[in-house]
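Structure, as structure tokens:
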Amino acid sequence: MSEFDVKEIQPQAKAPRPPRTDGARELLFGDLWEYAPSRESTDLVRLDPCYGHYVGGEWIDGGARFEVLNPATEEVLTEVQAAGPEIVDRAVEAARDAFHGWATLHPSRRAKCLYHIGRAIQERSRELAVLETLDNGKPIRETRDVDVPLAAAHFLYYAGWADKLDYAFPGAKVSPLGVAGQVIPWNFPLLMAAWKIAPALACGNTVVLKPAETTPLTAIWLARICEEAGVPPGVVNVVQGDGDTGRALVSHPGVDKIAFTGSTEVGREIQRTLAGTEKRLTLELGGKGANIVFEDAPLDQAVEGIVDGIWFNQGQVCCAGSRLLVQESILDTVLTKLRHRIATLRVGDPLDKNTDVGAINSRSQLDRVRRYVDIGVEEGAQMHRLACELPSRGYFFPPTFFTGVAQSHRIAQEEIFGPVLAIQTFRTPKEAVDLANNSPYGLSAGVWSDKGSKVFAMSRALRAGVVWGNTFNQLDPASPFGGYKESGFGREGGRHGLLPYLEIKG
Amino acid sequence: MTNEHDPVRKTYKLYVGGQFVRSESGRTLRQLDARGAFFANCAKGSRKDLREAVRAARGAFGGWSTRSAFNRSQILYRLAEMLEGRAAAFTELLVTLCGRDRDDAKREVAASVDRVFWYAGWCDKFTQVLGGVNPIASPYNNFSFAEPTGVVVVVAPRGGGLIELVSALLPPLAAGNACLVLVDADVPVIGLELAEVVATSDVPAGVVGVLASEITELVPHAADHMDVNAIACFGGDPELRRDLAERAAANIKRVAWFDERSVVDWLADEGRSPYWIEKFVEWKTSWHPVGV
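These protein sequences, in sequence, are chains Y and V. The number in this note's numbering is simply the position in the first sequence, starting from 1, with 12 added. If you count the second sequence from 1, position 178 lands on 161 in this note's numbering, and the numbers rise without skipping.
So this is what it looks like as structure tokens:
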């Protein structure tokens, strides 16, 4: 990248700036505290040399082995087997066999199973956080404070629905669909498993879950937790593998419903695959969220929101605020504040509790991010990045943003799924709406302004499933989440999250 | 000279962008009556007509979807009024074209008026019943409300009666979508007559379009169209449904399937549901911090 004219941002801790004399306030964390590593212990996590699949309440072997890497060190953590069609078949059979019993189980017993899963996740939260960080590369601060507690909260929330379904949809009779095939991504492995399994089980369905091949581990722990929580055999099945396993599951005739979270490209393929079948489908796909900052915004909070929007989970978030739209009059101020804030970000060992930005999940994802950064430069945008030292091993990429981005640039149109922000400017609210909506995606958006009526007017005009006013990247089990347009259909979370798993009559 | 009036025959045209137009293709469908005798010629919609109709629908969507729900309901109530005013004409058409018994035809028209009336009232209610405030665990104001999906193509049920048609059109229309109805070649006239009711009922131009054609000809183009957001399909043979669903994936269209039903089933209360409105909306969740 050195051949480009990159505007580098010096990390604050390395080069403390002299105190400002112009009276402007700014954050100077790097000057205040001496950095000392605080590494979370991995003693809690004991890994077997190889893992199979959880089918019908038993652990079974089958399929070619593949290595599971720690993306922060490139070390092999363990091996997992990739399920072929026979294993998928067995898992679907087990789910079919278990369906009637589970669907007719007294609802309060279903509720208690889910409740016990939620509690067990809380009880084993430290172990799960470490495991998730090892497997995914995201900072322990995030797995500890976001992924694991939200996963537990999701089970606890839907536990409460399991015995209240008759009250969920006025005037309607509801019944479960049958076997749900669920294919989840690698960016929030445990949390996505919770988003999928909890509502499906609450509604009386049984599931076959296929985790992503780069992050198979927390689903194994979750399967054990389900077993200990009293979930009957076959109600939750986990098959490991890559896209081939996913395809076998999606096209299996014994599956009644498919729920997929991942790229729009794969979502489209799944929608095509299901054509002509009676299978129900929900898709939670890509995004290119616009984070819109007006001149009357609370700027310090807005800068925090910009940072959370794009550097939370290294930007590997479908609802990331990967486009920043700044009102022209405050561009310089926002850029200055943003550069100062980026200078405080600590990039490196995800197990270090100080770390803000961890590892990219895989070599191929890192390559994708690099490719897009090259495209951005080639298209003529100005690149800015944190000039931090990166660990010598592992898949790391520094927080990066581009200015001088045109709407036609690929970095403004396409989902990069990495720590790269594209910044554009606007003059009027209408221009901001036009820019934001000029995308095939419609998952998330953010609006920053101290004027309430403006926030709500923008919230209505933005064609996106989640609009954050003066905040960003907030998630909650009670809050429906999902996209407009090519970001998919169906909602997860809240009462709306029950709909994809129920037959509604009335 | 006699006093007997020789009726002026109507030219049945497509309804696009609030206007009654002939097909650019210059083709026509022959509408026969229930006994197989010639009744009328109808313009036969083409792919290009479809594209024009989608463009008109997209143009009308912004205004329709951002009207107050109360205003949309008022307009749909007006649609019920206009349909009531033409009850005799529709009864006659159902007898002549669909071979319905006269009493059955009367009942069907009455039920169709009631169905429009019923959905009209849902416009400003379903988001309150099906959306709401979400009790999240952090200090934010968080609520979910419904917004229309966009341009919806309604592949009308075959068989061409009135009750099926209004039962198919009203859910996406009440949701605030711009709707384009494709009526099949077997009984195009009922759909095109319904367009005349729409045209006289304050529904803004372009919000409802009606194209008559061979369904098998237009459906693939509708399913391919990148500016169509959703398709409602009522019945249809399995191959058409498979093909439609496969093409719909091009832009992740929402596809809502409805089972084929008999006229009796359409007339029953089971032939309507607020949850069918829900199939044509997007839920938006809005967050804002609470604090001083």
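Glycine included, C-beta positions come from ideal geometry on N, C-alpha and C.
In the three-state scheme derived from DSSP, where H, G and I count as helix and E and B as strand, R51 (chain Y) is classed as strand. With contacts defined as CB atoms closer than 8 Å, F167 (chain Y) and D320 (chain Y) fail to qualify as a contacting pair. Contact of P23 (chain Y) with chain V is not assigned, every C-beta pair being separated by 8 Å or more. Within 10 angstroms of the beta-carbon of C216 (chain V) lie 16 or more other beta-carbons, which makes it buried. In the displayed model, W198 (chain Y) falls within coil according to three-state DSSP, outside both helix and strand. Residues of chain V with a Cβ closer than 8 Å to the Cβ of I232 (chain Y) do not exist; the shortest Cβ-Cβ separation is about 28 Å.
When C-beta distances to chain V are compared with 9 Å, the residues of the stretch 490 to 510 of chain Y below that value are A490, S491, P492, F493, G494, G495, Y496, K497, E498, S499, G500, F501, R503, G505, G506, R507, H508, in chain order. Put simply, the CB of P182 (chain Y) is near chain V, with a gap under 8 Å to one of its CB atoms.
Looking at the backbone, the Cα of N199 (chain Y) and that of A184 (chain Y) are separated by about 36 Å. Apart from the 5 residues on each side of it in sequence, V158 (chain Y) has no Cβ closer than 6 Å to any other Cβ in its chain.
Remark: fewer than three beta-carbon pairs, one from each stretch, lie closer than 8 Å, so the stretch 204 to 217 of chain Y and the stretch 73 to 89 of chain Y are not flagged as touching. For a Cβ distance threshold of 8 Å, residue set K267, T268, S269, W270 of chain V lies close to V479 (chain Y), ordered along the chain. 8 Å or more divides the Cβ of A103 (chain Y) from the Cβ of A241 (chain Y). DSSP, reduced to helix, strand and coil, places D16 (chain V) outside both helices and strands of the structure shown, so it counts as coil. Taking 9 Å as the cut-off between beta carbons, none of the residues of the stretch 87 to 104 of chain V comes near chain Y. For the C-beta of N125 (chain V), the chain Y residues within less than 8 Å are, from N- to C-terminus, D488, A490, S491. V264 (chain V) is a Cβ neighbour of T132 (chain V), given a cutoff of 8 Å.
Counting every other CB atom within 10 Å of its CB across the protein chains shown gives E401 (chain Y) a total below 16, marking it as exposed. Note that the stretch 42 to 62 of chain V does not touch the stretch 75 to 91 of chain V; fewer than 3 beta-carbon pairs, one per stretch, sit closer than 8 Å. Annotation: F263 (chain V) is outside any alpha helix (DSSP H) and is labelled neither H nor E by DSSP.
Those residues of the stretch 106 to 121 of chain V placed with their C-beta closer than 8 Å to a C-beta in chain Y are V112, L113, G115, N117, P118, I119, A120, S121, ordered along the chain. A straight-line Cα-Cα distance of about 5 Å links S48 (chain V) and G159 (chain V). With distances taken between CA atoms, G144 (chain V) lies nearest to V:L177 out of V:G115, V:L177, V:V137, V:V112. By the CB criterion at 8 Å, A235 (chain Y) and Y66 (chain Y) fall inside the cutoff.
Under the 10 Å beta carbon count, C62 (chain Y) is surrounded by fewer than 16 other beta carbons and is classified as exposed.
Taking a Cβ-Cβ cut-off of 9 Å, the neighbours of A228 (chain V) in chain Y comprise Q283, R284, L286, A287, G288, T289, given in sequence order. For chain V, the residues of the stretch 163 to 189 of chain Y that bring a beta carbon within less than 8 Å of one of its beta carbons are A165, F181, P182, G183, A184, in chain order. In this structure I423 (chain Y) does not touch V186 (chain Y) by the C-beta definition: roughly 44 Å separates them, more than the 8 Å allowed. Near chain Y, meaning a CB-to-CB distance below 7 Å, the residues of the stretch 239 to 263 of chain V are S256, Y258. With contacts defined as CB atoms closer than 8 Å, K291 (chain Y) and R335 (chain Y) fail to qualify as a contacting pair. At a Cβ-Cβ threshold of 8 Å, Y(-2) (chain V) and Q486 (chain Y) do not count as neighbours. The residues R30, L33, in chain order, have a CB closer than 7 Å to that of H204 (chain V) in the same chain once the five nearest residues on each side in sequence are set aside. For M395 (chain Y), the enclosing beta strand (DSSP E) starts and ends at 394 to 398. Counted as a single uninterrupted DSSP element, the beta strand (DSSP E) harbouring A23 (chain V) occupies residues 21 to 26. Rounded to whole angstroms, the separation of the alpha carbons of S491 (chain Y) and I119 (chain V) is 7 Å. For the stretch 86 to 165 of chain V, the full-length alpha helix (DSSP H) segments reaching 4 residues or more read 109 to 113, 145 to 157 along the chain.
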